[in-house]
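Heads up: the structure comes next, in structure tokens.
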């Protein structure tokens, strides 16, 4: 986002980093934890941002006019991917940019909020029905078991569909980015392709070969992608702090802390190394995300597959006699 602000409005990189921290904090004011409505607003906002990014690069794609045969051949892996360290480095970064490990926990949290809301509505209906008909407790437990099982399967099905659509959409956007870059920087009789060291160089070359409008569209897509990634990363950081570390602190303080931790490296690099430093930091951060993927996926799959972790005692959890009633009886 800071790079995009510098390209669009000539804002110095350190000030751009500070602006991105402030505007995301403003957006996060509308987000409320464990609220289905806030989760829907967040999902819709990110979908709109990603759709705008896709639209920007589709325009760039038509302006670039790539050769179809070269595009399809590019989807096939070749030996250079494993023998050329630079290509391997970039490929690993693409994986990290597409499947970010912190988004796994963000998706899990959104699923939990959705499932909790549906369970609460169903349980209220069951309670009202059972009280009206004076049905035995055992039947209530059985009804709750069946309804929770049905809700769980439905939630998993819808969430899997959401994730699949999102990843497929991300694949097409990443493909468009790579096709635009390859067409203009390497297959356009471009003798300066080796000098494309970062996003600033990419913007300059797009402006040179496709015109000023293409450069503006590229910078706009860069700004929106940065905002989207920052938004999701901040909320994911909150979820990790609350769920894994058990930090019970006000939400605004958690958001401020996570943003401060996130922008500190970017601010230091922007001040010390400027444009080249930020561009390299961006690529390195994506590679780091890819390296972290096994450490996020393996424990997540293991614990969600373990019966000792995922089993729920329905009888005790939904006993019609509350703990307070039992304490009163003992007294």
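In this note's numbering, the protein residues as written are 1 to 331. For glycine and all other residues, C-beta sits at the position ideal for the given N, C-alpha and C.
- When DSSP assignments are scanned along the region 217 to 303, the uninterrupted stretches of alpha helix (DSSP H) that are 4 or more residues long and fall wholly within it turn out to be 251 to 272.
- If you draw a straight line from the Cα of residue 217 to the Cα of residue 308, it is about 51 Å long.
- Here residue 17 carries a helix assignment [DSSP, helix/strand/coil].
- By the beta-carbon neighbour count (other beta carbons within 10 angstroms, threshold 16), residue 83 is exposed.
- Counting C-beta pairs closer than 8 Å gives three or more between the region 40 to 56 and the region 224 to 231, which meets the contact rule.
- Selection 181, 171, 90 evaluated against residue 63 yields 181 as nearest (Cα-Cα).
- Short of 7 Å from the beta carbon of residue 232, and not among the five residues preceding or following it, lie these beta carbons of its own chain, in chain order: 46, 103, 106.
- Separation of residue 262 and residue 76 (C-alpha to C-alpha, rounded to the nearest whole angstrom) is 36 Å.
- Excluding residues up to 5 positions away in sequence, 7, 215, 218, 219 lie with their Cβ nearer than 7 Å to the Cβ of residue 203 in the same chain.
- Counting other Cβ atoms within 10 Å of its Cβ, residue 290 reaches 16 or more and is therefore classed as buried.
- Going by C-alpha positions, residue 88 is about 44 Å away from residue 149.
- Counting the other Cβ atoms within 10 Å of the Cβ of residue 304 gives fewer than 16, which makes it exposed.
- For residue 3, the enclosing alpha helix (DSSP H) starts and ends at 2 to 9.
- Nearest to residue 74 by alpha-carbon distance, out of 98, 264, 178, 86, is 178.
- By the CB criterion at 8 Å, residue 184 and residue 199 fall outside the cutoff.
- Between residue 176 and residue 57, the gap from beta carbon to beta carbon is short of 8 Å.
- The DSSP-derived three-state label of residue 65 is coil.
- Here residue 237 is near residue 258, since their CB atoms are less than 8 Å apart.
- Selection 18, 59, 41 evaluated against residue 210 yields 59 as nearest (Cα-Cα).
- Just measuring C-alpha positions, the residue of 171, 155, 281 sitting nearest residue 99 is 171.
- Assigned with DSSP and collapsed to three states, residue 81 falls in helix.
- In the three-state reduction of the DSSP assignment, residue 76 falls in the coil class.
- For residue 99, the three-state secondary structure derived from DSSP is coil.
- Here the C-alpha atom of residue 18 lies approximately 8 Å from the C-alpha atom of residue 267.
- Annotated as distal: residue 239 and residue 14, with beta-carbon spacing of 8 Å or more.
- Residues 173, 221, 224, 225 of the same chain have their beta carbon placed closer than 7 Å to that of residue 53, with the five preceding and five following residues left out of the count.
- Just so you know, the alpha carbons of residue 68 and residue 81 end up roughly 21 Å apart.
- Non-local C-beta neighbours of residue 310 in its own chain, meaning closer than 7 Å and more than five positions away in sequence, comprise 304, ordered along the chain.
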